[in-house]
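In the working numbering, the protein residues as written are -10 to 163.
Where a beta carbon is used, it is the ideal one built from N, C-alpha and C, also for glycine.
As the structure is a computational prediction, the values presented were derived from the model and not from experiment.
Input: a single structure, listed below in structure tokens.
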């Protein structure tokens, strides 16, 4: 059934719709269908087993090393957010009780920063640091060791542009 679902979407995308679909690290499959008039978006939960390797390869966030700068570009070829914007995802590995600072800066677009847990649920978000500063910043204490997704997206329908992303490990000072 899963393979026929993917095949049907591919056939549909060749006809009258622009179709994009991807899955997150767990078991969600996201589908965006767009015609000249309407955008349809749906989210399905499917088990991602070895038989669904095709679905898993559709969504591969880039690895992000803590303490290293990432210069990247958000475009309209990235993940559609369903709110007139786009998103790009990065995977970080974090240990319990670590304190992280996640910051994204851009002079090209109004950034939104999200941190997702292993289930794909947003556990922290920030739109604007303060006032007229449209860059985004999250401080976060890791409650459980594991993989987390850092999502950079655009606000207000912007297609994006260049940005600088950094995740820093903070030290506790006595």
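- Taking C-alpha atoms, which residue in 149, 70, 133 and 161 lies nearest to residue 85? For residue 85, the nearest C-alpha among the options comes from 133.
- Segment contact flag, the region 86 to 106 with the region 115 to 131, C-beta cutoff 8 Å, min 3 pairs: Because the criterion of three Cβ pairs below 8 Å is met, the region 86 to 106 and the region 115 to 131 touch.
- Task: Entirely within the region 42 to 120 and at least 4 residues each: give me those alpha helix (DSSP H) ranges in chain order.
- Result: Scanning the region 42 to 120 from its first residue to its last, the whole alpha helix (DSSP H) runs of 4-plus residues come out as 42 to 45.
- Query: Looking only at its own chain, which residues have a Cβ that is under 8 Å from the Cβ of residue 67, when we skip the five neighbours before and after it?
  - Reply: Result list for residue 67: 75, 76, 77 and 149, in chain order.
- Item | Per DSSP, the bridge partner or partners of residue 135 | DSSP lists 83 as the beta-bridge partner residues of residue 135.
- Item | Bounding residues of the beta strand (DSSP E) (the contiguous stretch that carries residue 155) | For residue 155, the enclosing beta strand (DSSP E) stretches over residues 150 to 159.
- Among 96, 112 and 138, which residue has its Cα nearest to the Cα of residue 121? Comparing Cα-Cα distances from residue 121 to each of 96, 112 and 138, the minimum goes to 96.
- Kindly say whether residue 147, judged by its beta-carbon, lies nearer than 8 Å to any beta-carbon of chain C. Absent from the structure is chain C; it holds one protein chain and no more.
- For residue 60, which residues from the same chain have a beta carbon less than 6 Å from its beta carbon, with the 5 sequence-adjacent residues on both sides left out? Within the same chain, 153 come within 6 Å of residue 60 by CB-CB distance, once the 5 residues on both sides are set aside.
- Item | Rounded separation between residue 144 and residue 70 - CA only | Within the model, the alpha-carbon separation for residue 144 versus residue 70 is close to 10 Å.
- Query: Between residue 204 and residue 141, which are expected to be in contact by the criterion C-beta below 8 Å, what is the C-beta distance as a whole number of angstroms?
  - Reply: Outside the displayed range of the chain (-10 to 163) lies residue 204, so it cannot be described from this structure.
- Task: Sort 56, 58, 147 and 136 by Cα distance to residue 110 and report the nearest one.
- Result: Looking at the Cα atoms, 136 is the closest of the given residues.
- Query: Does the beta-carbon distance from residue 89 to residue 156 come in below 8 Å?
  - Reply: Against a cut-off of 8 Å, the Cβ pair of residue 156 and residue 89 comes out as a contact.
- State the start and end residues of the unbroken beta strand (DSSP E) segment that holds residue 125. It spans 125 to 130 - the beta strand (DSSP E) in which residue 125 sits, taken as one unbroken run.
- Message: Quick check on the burial criterion: 16 or more other C-beta atoms within 10 angstroms. Buried or exposed for residue 159?
- Response: Under a 10 Å Cβ-count criterion, residue 159 is classified as exposed, with fewer than 16 other Cβ atoms of the shown protein chains found around its own Cβ.
- Can you tell me which of 64, 73 and 80 puts its alpha carbon nearest to the alpha carbon of residue 54? Closest option to residue 54, Cα to Cα, is 80.
- Task: Taking residue 62 as the reference, give the member of 147, 131 and 82 with the closest Cα.
- Result: Taking each of 147, 131 and 82 in turn and checking the Cα distance to residue 62, the smallest one comes out for 147.
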